[in-house]
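Quick notes on the structure that follows.
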Amino acid sequence: MALTTCRECNRKVSKSAKVCPGCGVKRLGFKRWQALIGLVFLFLIAIFFTTCSGGAASADEFTVQGGTARDYKILESVSYGVGKRGGSRIHIVSEMASSQADRAATAQAAAKAYLKEHLLQQVTVHLEVNEFTIYKGAQLAIATYTPDGCGNSGKDCDGKAWEISASEQQLTPLDVAIMKEWHANKDSFKQHGLVNEDKLELFISKKLRVPLEQVTLPYITREEITK
């Protein structure tokens, strides 16, 4: 009969035995202290992988408080990236996203959906006033999503998966009309490389048939949501 040694009490026991008749240990091949070491080892491995991931899993759970993601339309997408890391910037509009929280939530939802669909490492979303504000620095919200928390390069691992800012500014139809005319005509009023704003404002005033004092290009500011 083949025998083995119980590692708890060192008694010779049949290999087919499920319980040591001497000490009652059920797992003959392991001592209690060995099992404890195994659990500690697994715990350390879990901590190691959590640390190496930069904490991205917990950052990924960030949710905009009080915001509802509204329907949006993608106007344009631009690919970028460093090395093998794929990234894209998309420009969207959303008529229903009017509050600061909704604008932030909409930009966040667009970033998540686009990254998942295109299997990228990073996506930046610009929520625009309209298509004529693309590249004009007048975004209602900006959201950058990097699930692994390692930035565009993949080396700057700060564990921050989300960077979101949004504006609470409410634009009137006149504000939007002024922005459209301003960006469409400003090049025609350049002198020595600079825009003659006085002449441009007078032109817009006449075209829109509004008092000159009402013609001011809206300046959109955003507040950091992911502080």
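The C-terminal position of the sequence shown is numbered 341 in the working numbering, with every residue numbered one higher than the one before it.
Positions of the beta carbon are idealized from the N, C-alpha and C atoms, including for glycine.
C-alpha gap between residue i and residue j, whole angstroms
i, j, result
"GLU311", "GLY268", "43 Å"
"ASP301", "LYS313", "12 Å"
"GLN328", "GLU295", "14 Å"
"ALA173", "ILE188", "Per-residue confidence for ALA173 stands at a pLDDT of 46, beneath the threshold of 50, marking its modelled position as unreliable; the derived number appears in the next sentence. If you take the alpha carbons of ALA173 and ILE188, they lie about 26 Å apart."
"ILE206", "THR220", "10 Å"
"GLU337", "GLY307", "32 Å"
"ASP216", "HIS232", "24 Å"
"SER208", "TYR228", "16 Å"
"GLY251", "VAL243", "10 Å"
"PRO332", "LEU326", "14 Å"
Proximity below 8 Å, CB of residue i to CB of residue j
i, j, result
"ALA255", "LEU241", "yes"
"GLY181", "ALA218", "yes"
"THR247", "MET210", "no"
"TYR259", "ALA280", "no"
"ALA183", "ILE204", "no"
Bridge-paired residues (DSSP) for residue i
i, result
"GLN82", "Residue 82 lies beyond the stretch modelled for the chain, which goes from 115 to 341, so this question has no answer here."
"ALA255", "LEU241, ALA280"
"TYR194", "GLY201"
"GLN236", "GLY201"
DSSP three-state assignment for residue i, whether helix, strand or coil
i, result
"GLN305", "strand"
"GLU327", "helix"
"TYR333", "coil"
"VAL207", "strand"
"THR340", "coil"
"LEU314", "helix"
Rounded distance between the beta-carbons of residue j and residue i, thought under 8 Å
i, j, result
"VAL178", "ASN266", "About 22 Å; that fails the 8 Å criterion."
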